[in-house]
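Engineer: Here it is, the structure, as structure tokens.
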Amino acid sequence: MRFGRPGRRYHKRPRKGRSAMSVPEETDTDWWTMLADPDFLADPHDRLDVLRAENPIHFDPASGCYFILGHAEFSEAMRNKAIGRDSRNWKGGWHSDPGFRERDPVAFRLFSLFQPQMINVDGIDHARMRGVYEPAFRAQAVAQLEGMVREETERLIAALPSDGRPVNLIDAYAQPMPLNVLCRLFDIPRDMADTVSDWSKKLIQIGDLMLTDQQKSDGLEALTAFKSYLREQLSVSSTGTEGSLMRLALQGLDNGTLDEEETLTNLVALLIAGHETTVTLIGIGLKLLLEHPKEMERLRAQPDLARNAADETLRYDPGGNFLLRVAAQSCEIGGVKIPQGAPVIGLLRATNRDPARFKDPHRFDITRTGNAHHTFGGGAHFCLGAPLARMEGRLAFQCLLSAFADIELQEPPRWLNMGTNARSLESLIVTLKR
Numbered sequence: 379m380r381f382g383r384p385g386r387r388y389h390k391r392p393r394k395g396r397s398a399m400s401v402p403e404e405t406d407t408d409w410w411t412m413l414a415d416p417d418f419l420a421d422p423h424d425r426l427d428v429l430r431a432e433n434p435i436h437f438d439p440a441s442g443c444y445f446i447l448g449h450a451e452f453s454e455a456m457r458n459k460a461i462g463r464d465s466r467n468w469k470g471g472w473h474s475d476p477g478f479r480e481r482d483p484v485a486f487r488l489f490s491l492f493q494p495q496m497i498n499v500d501g502i503d504h505a506r507m508r509g510v511y512e513p514a515f516r517a518q519a520v521a522q523l524e525g526m527v528r529e530e531t532e533r534l535i536a537a538l539p540s541d542g543r544p545v546n547l548i549d550a551y552a553q554p555m556p557l558n559v560l561c562r563l564f565d566i567p568r569d570m571a572d573t574v575s576d577w578s579k580k581l582i583q584i585g586d587l588m589l590t591d592q593q594k595s596d597g598l599e600a601l602t603a604f605k606s607y608l609r610e611q612l613s614v615s616s617t618g619t620e621g622s623l624m625r626l627a628l629q630g631l632d633n634g635t636l637d638e639e640e641t642l643t644n645l646v647a648l649l650i651a652g653h654e655t656t657v658t659l660i661g662i663g664l665k666l667l668l669e670h671p672k673e674m675e676r677l678r679a680q681p682d683l684a685r686n687a688a689d690e691t692l693r694y695d696p697g698g699n700f701l702l703r704v705a706a707q708s709c710e711i712g713g714v715k716i717p718q719g720a721p722v723i724g725l726l727r728a729t730n731r732d733p734a735r736f737k738d739p740h741r742f743d744i745t746r747t748g749n750a751h752h753t754f755g756g757g758a759h760f761c762l763g764a765p766l767a768r769m770e771g772r773l774a775f776q777c778l779l780s781a782f783a784d785i786e787l788q789e790p791p792r793w794l795n796m797g798t799n800a801r802s803l804e805s806l807i808v809t810l811k812r
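Residue numbers (my numbering): 379 to 812.
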């Protein structure tokens, strides 16, 4: 949703040796128009470099939002226990504004129906909910999934044409691979895969701060149907398949760790995060390798660099433009006082290319080490499924390059129109030769 007229002030970083809070000064930045501008979203880096060089933290008084562009500052914010992810703490936001329900009943219903879940709660409740699913994402548990993930990957590769016919790698590879993996992990029948994918596409946009009326309606319809389907699955499944996330959900429900609504909303959140973000990682990663042929040849020669290639993709071109945090208590970040209830927005395409943290940040380099990008978040809310996403990205790159000696891009990649936050490819048309 739009937050009214843009602000004209930002906070100055305190000079070295000074402990005083920073003082707002004027700037001409029109934040919300900029973030909604398709031209800016297509190539934001020159503008973000200028803004970050001016100051790593900017303030918009019209919306009360603090925009963070510096890597160190956003790392500090995500580690700070006073700053969390519970949007209900947003002063003047959808939950705390008494008039919001009347002004925007569809959005209020949508956000309320997606509560509570681990991505949007903090503290004890966050630890309780996350703890139910954490065993499935520990290193040893994820390692045991590699055979299954490789099987799904190679099954898709076997169906790809190798006779020079063009193929869309998004539809034929990047989209179905993580979806098929998730269906197996969640005990979802394969014939439901396309429906789950459609729901996920509509719900991933909930993270957009400028939702259209259509996006809200589509999201509410998808969320209602998704939860109804999962409620039915829980009722007919007594234990779930050994090692499945559905089994963990049922155990959490049976032992009282989660109630039914928490079980449903967390399953939806895990399915969305586990599907759409990995589709984006694989699709954008393959696009970048095709656009950087020397890096692709390096990866062919050194397949062990595939894990690096996945992380460099996440840094260089993340599948989201920003991460939202909210100050549950007043605190200080980077010398700037953040008041209780203020939204804190990390601009990933700025923090992930901060030259203070990354050498030659605008270079796509799959040999880069110490790649502390922010795409998986940080602190207590570091992405639970990061180990699985990294493995899926690694295998997607390794298996495709191993199977095909020649991969050629046939037309410019096309992006989906997903709003101001989520980013994903619609098409990546290539020809393949073994």
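Built from N, CA and C at the ideal position, the CB exists for glycine as well.
Please name the residue, chosen from A571, R528 and K594, that lies closest to S490 on a Cα-to-Cα basis.
Structural biologist: As a position in the sequence shown, residue 490 is number 112, starting the count at 1. For S490, the nearest C-alpha among the options comes from K594.
Engineer: Tell me the DSSP secondary structure of C761 in three-state form.
Structural biologist: Residue 761 sits at position 383 when you count from the first residue of the sequence shown. The answer is coil: DSSP assigns C761 none of H, G, I, E or B.
Engineer: What is the DSSP secondary structure of G501, counted as helix, strand or coil?
Structural biologist: Numbered from 1 along the sequence shown, position 123 holds the residue referred to as residue 501. Looking at G501 - three-state DSSP - the assignment turns out to be helix.
Engineer: Would you mind reading off the limits of the alpha helix (DSSP H) that contains H653?
Structural biologist: Counting from 1 along the sequence shown, the entry for residue 653 is found at position 275. It spans E638 to E669 - the alpha helix (DSSP H) in which H653 sits, taken as one unbroken run.
Engineer: Quick one: give me the first and last residue of the beta strand (DSSP E) that K715 is part of.
Structural biologist: Residue mapping note: residue 715 aligns to position 337 of the sequence shown, counting from 1. Element bounds for K715: V714 to I716.
Engineer: How long is the line joining the alpha carbons of L726 and P696, rounded to whole angstroms?
Structural biologist: Indexing the sequence shown from 1 puts residue 726 at position 348. Indexing the sequence shown from 1 puts residue 696 at position 318. Straight-line Cα distance between these residues: approximately 7 Å.
Engineer: Would you identify the three-state DSSP class for S805, choosing helix, strand or coil?
Structural biologist: As a first step, residue 805 must be located in the sequence shown, where it is residue number 427. Residue state, collapsed to three classes: strand.
Engineer: Do the segment 448-467 and the segment 703-710 meet, that is, are 3 or more Cβ pairs less than 8 Å apart?
Structural biologist: Result yes; three or more Cβ-Cβ pairs closer than 8 Å.
Engineer: Could you check where the beta strand (DSSP E) with A455 kicks off and where it finishes?
Structural biologist: Residue mapping note: residue 455 aligns to position 77 of the sequence shown, counting from 1. Counting along the chain, A455 falls outside any beta strand (DSSP E), though it belongs to the alpha helix (DSSP H) covering H449 to R457.
Engineer: How is F564 classed by DSSP in three states: helix, strand or coil?
Structural biologist: On the sequence shown, position 186 is the one that residue 564 refers to. Here F564 sits in coil by DSSP.
Engineer: Please report the straight-line C-alpha distance between L628 and L612, rounded to a whole angstrom.
Structural biologist: Residue 628 sits at position 250 when you count from the first residue of the sequence shown. Residue 612 sits at position 234 when you count from the first residue of the sequence shown. Roughly 7 Å separates the two Cα atoms.
Engineer: With a CB to CB cut of under 6 Å and the five nearest residues on each side skipped, what residues in its chain are close to A537?
Structural biologist: Looking up residue 537 in the sequence shown gives position 159. No residues qualify anywhere along the chain.
Engineer: Considering only the beta carbon of each residue, do Q495 and T643 sit closer than 8 Å?
Structural biologist: Translated into the one-based positions of the sequence shown, residue 495 becomes position 117. Translated into the one-based positions of the sequence shown, residue 643 becomes position 265. Yes, these two residues count as a Cβ contact at 8 Å.
Engineer: If you measure between the beta carbons of L779 and L677, is that distance less than 8 Å?
Structural biologist: Residue numbering aside, residue 779 sits at position 401 when the sequence shown is read from its first letter. Residue numbering aside, residue 677 sits at position 299 when the sequence shown is read from its first letter. It is a contact, given that the beta carbons lie within the stated cut-off.
Engineer: Expressed to the nearest angstrom, what Euclidean distance is found between the alpha-carbon atoms of F775 and G719?
Structural biologist: Reading the sequence shown from its first residue, position 397 is the one you call residue 775. Reading the sequence shown from its first residue, position 341 is the one you call residue 719. Cα-Cα distance, rounded: 42 Å.
Engineer: What's the C-alpha gap between E463 and G542?
Structural biologist: The residue given as residue 463 occupies position 85 in the sequence shown. The residue given as residue 542 occupies position 164 in the sequence shown. The question names Glu, but residue 463 in the sequence shown is Arg. Rounded to whole angstroms, R463 to G542 spans 48 Å at the Cα level.
Engineer: Spatial neighbours of L631 within its chain, please: C-beta separation below 8 Å, excluding the five flanking residues on both sides.
Structural biologist: Reading the sequence shown from its first residue, position 253 is the one you call residue 631. The residues are L612, D637, E638 and T641.
Engineer: Within 10 angstroms of its Cβ, does V401 collect 16 or more other Cβ (buried), or is it exposed?
Structural biologist: Here residue 401 refers to the residue found at position 23 when the sequence shown is read from its first residue. With a pLDDT of 43 at V401, under the threshold of 50, the modelled position of that residue is not reliable, and the figure given next carries that caveat. V401 comes out exposed.
Engineer: Can you check which of these residues, V510, T411 and L787, is closest to M674 by C-alpha distance?
Structural biologist: For this step, residue 674 is matched to residue 296 along the sequence shown. Selected option, being the one with the closest Cα: L787.
Engineer: Assign D415 to one of three DSSP states: helix, strand, or coil.
Structural biologist: Taking the sequence shown and counting its residues from 1, the one referred to as residue 415 is at position 37. In this structure, D415 counts as coil in the three-state DSSP scheme.
Engineer: Just grab the DSSP bridge partners of L787 for me.
Structural biologist: The residue you call residue 787 lines up with position 409 of the sequence shown. Answer is V808, bridged to L787.
Engineer: Are the Cβ atoms of Q553 and V657 separated by less than 8 Å?
Structural biologist: In the sequence shown, counting from the first residue as 1, residue 553 sits at position 175. In the sequence shown, counting from the first residue as 1, residue 657 sits at position 279. A contact, by the Cβ cut-off of 8 Å.
Engineer: Short of 8 Å in beta carbon distance, which residues of its chain neighbour D549, apart from the five on each side in sequence? Order them along the chain.
Structural biologist: The residue labelled residue 549 in the question sits at position 171 within the sequence shown. So the list reads S805, once near-sequence residues are dropped.
Engineer: Go through its chain and collect everything with a Cβ distance to A571's Cβ below 6 Å, but skip five positions before and after it.
Structural biologist: The residue labelled residue 571 in the question sits at position 193 within the sequence shown. These residues qualify, in order along the chain: L557 and C561.
Engineer: With H, G and I counted as helix, E and B as strand and the rest as coil, what does DSSP make of L547?
Structural biologist: Numbered from 1 along the sequence shown, position 169 holds the residue referred to as residue 547. Here L547 sits in helix by DSSP.
Engineer: Please work out which residues of its chain come closer than 6 Å, Cβ to Cβ, to C709, disregarding the five sequence neighbours upstream and downstream, and give them in chain order.
Structural biologist: Reading the sequence shown from its first residue, position 331 is the one you call residue 709. Cβ within range, chain order: N458, A460 and I716.
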